[in-house]
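Participant: If you scroll down you'll find the structure; I have some questions about it.
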Amino acid sequence: DLAAVNEFIEQRDVGAFPHAVDEDGSIWERYEIRTQPAFVFLNDDGTSETHIGSLGVDGLTERIEALR
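For the sequence shown, my numbering gives the first residue as 996, with consecutive numbering after it.
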């Protein structure tokens, strides 16, 4: 439900970055996401790595820095 997604984004103040609405589950399936939270890190060579679970600010920052 798109209205619920937008409400979540507004309530959590996480509108500063894009959000994908995966209505048919194809994105979750492609990246083998079975639960939330989940992160998919896309490399410039087209490969990806999926991390299931929380990373926290430090963990997320470390993963993003590694992609630079």
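Ideal Cβ positions, reconstructed from N, Cα and C, are used throughout, including at glycine.
Only a predicted model underlies this, so the values are computations on that prediction, with no experimental measurement involved.
Could you tell me how far apart the beta carbons of Arg-1029 and Ile-1047 are, in whole angstroms, since I believe they sit closer than 8 angstroms?
Facilitator: 7 angstroms between Cβ atoms; contact.
Participant: With a Cβ-Cβ cutoff of 7 angstroms, do Phe-1045 and Val-1052 count as a contact?
Facilitator: According to the sequence provided, residue 1045 is Thr. The question's Phe does not apply to it. For Thr-1045 and Val-1052, no; Cβs fall outside 7 angstroms.
Participant: Quick one: residues in its chain with C-beta nearer than 7 angstroms to the C-beta of Asn-1038, no 5 flanking neighbours on either side, listed in chain order?
Facilitator: Correct list, in chain order: Leu-1062.
Participant: Could you check what DSSP says for Val-1009 in three-state terms: helix, strand or coil?
Facilitator: Here Val-1009 sits in coil by DSSP.
Participant: Which value, in whole angstroms, describes the spacing of the CA atoms of Tyr-1026 and Glu-1057?
Facilitator: Near 21 angstroms, if we compare the C-alpha coordinates of Glu-1057 and Tyr-1026.
Participant: Please report the distance separating the alpha-carbon of Pro-1013 from that of Ala-998.
Facilitator: One C-alpha to the other measures close to 16 angstroms.
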